[in-house]
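Heads up: the structure comes next, in structure tokens.
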Amino acid sequence: GMRSQGPREILMAKITHIADKYCRSQGIGYVSDLCDVEISQEEYDDIDLNPEFFEENKELIIENIEKARVFIS
Numbered sequence: 003g004m005r006s007q008g009p010r011e012i013l014m015a016k017i018t019h020i021a022d023k024y025c026r027s028q029g030i031g032y033v034s035d036l037c038d039v040e041i042s043q044e045e046y047d048d049i050d051l052n053p054e055f056f057e058e059n060k061e062l063i064i065e066n067i068e069k070a071r072v073f074i075s
């Protein structure tokens, strides 16, 4: 059956959710629609992330997405 979700699993789910929103907002991956791509301050606070993170690390993020593409294609 389903095992209970500990703090680590919950944190990973939140991080994945925010990463998904970011990727969809950038047209990366499976983008069915662009609604619900805004990341709220509460979501940033929830994982202790600075809202400027994506902008400050954009080149590095894109570079790593390109590297990951090799494994998922």
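Okay, so the sequence shown: first residue is 3 according to my numbering, each after it adds one. Every residue gets a Cβ at the ideal spot worked out from N, C-alpha and C, and that includes glycine.
Can residue i and residue j be called in contact, C-beta distance under 8 Å?
i: Ile67; j: Ile30; result: yes
Compare the C-beta of residue i with all C-beta atoms of chain B and state if any pair is closer than 8 Å.
i: Cys37; result: Absent from the structure is chain B; it holds one protein chain and no more.
Nearest CA to the CA of residue i: which residue from the options?
i: His19; options: Gln7, Asp38 and Ser34; result: Asp38
i: Leu13; options: Lys60, Ile64 and Leu51; result: Leu51
i: Asp48; options: Ala15, Ser6 and Gln7; result: Ala15
i: Cys25; options: Lys60, Ser75, Val72 and Glu54; result: Lys60
i: Glu57; options: Val72, Lys69 and Ser27; result: Ser27
i: Ile17; options: Ser6, Phe55, Ser34 and Tyr32; result: Phe55
Which two residues bound the contiguous alpha helix (DSSP H) that contains residue i?
i: Val72; result: Lys60 to Ile74
i: Gln43; result: Gln43 to Asp48
i: Cys25; result: Pro9 to Ser27
Once the 5 residues before and after residue i are set aside, which same chain residues still bring their CB inside 8 Å of it?
i: Pro53; result: Ile41, Gln43 and Tyr46
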